[in-house]
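Sequential numbering from 27 applies to the sequence shown in this note's numbering.
Beta carbons: idealized from backbone N, C-alpha and C, even for Gly.
Remember, predicted model here, so these are calculated numbers, not experimental data.
Let me begin by presenting the structure, written as structure tokens, before commenting on it.
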Amino acid sequence: MSEVEPECLECARQYEEILSDYRHLKKKIRKMRKSFAAIECALTHKCDRYAEFIIGECEAHRGKYEPDGC
């Protein structure tokens, strides 16, 4: 069996990092979409105490979804 070149190992490591970041961002986006859908529903249907619900959703995500390293 031949040895693996160092460049291949570096590419594989970078690929794993990028894949991990992608999965993390995908999960964040999924959570945000659910929150936006819930807020939209509260606004369009004028649910009981919809203002408090919207504020609660916003507070739940405060600071969690700030851009990383921009």
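Are the beta-carbon atoms belonging to Ala68 and Phe79 less than 8 Å from one another?
-> Going by C-beta atoms, Ala68 is nearer than 8 Å to Phe79.
Please say whether Ser61 and Glu85 have beta carbons closer to each other than 8 Å?
-> Result no, Cβ atoms of Glu85 and Ser61 do not sit closer than 8 Å.
Look at the alpha carbon of Arg88 and the alpha carbon of Ile44, and state the distance between them as a whole number of angstroms.
-> Cα to Cα, the separation comes out at about 25 Å.
Between Glu31 and Glu42, what straight-line distance do the alpha-carbon atoms span, to the nearest angstrom?
-> Roughly 17 Å between the two C-alpha positions.
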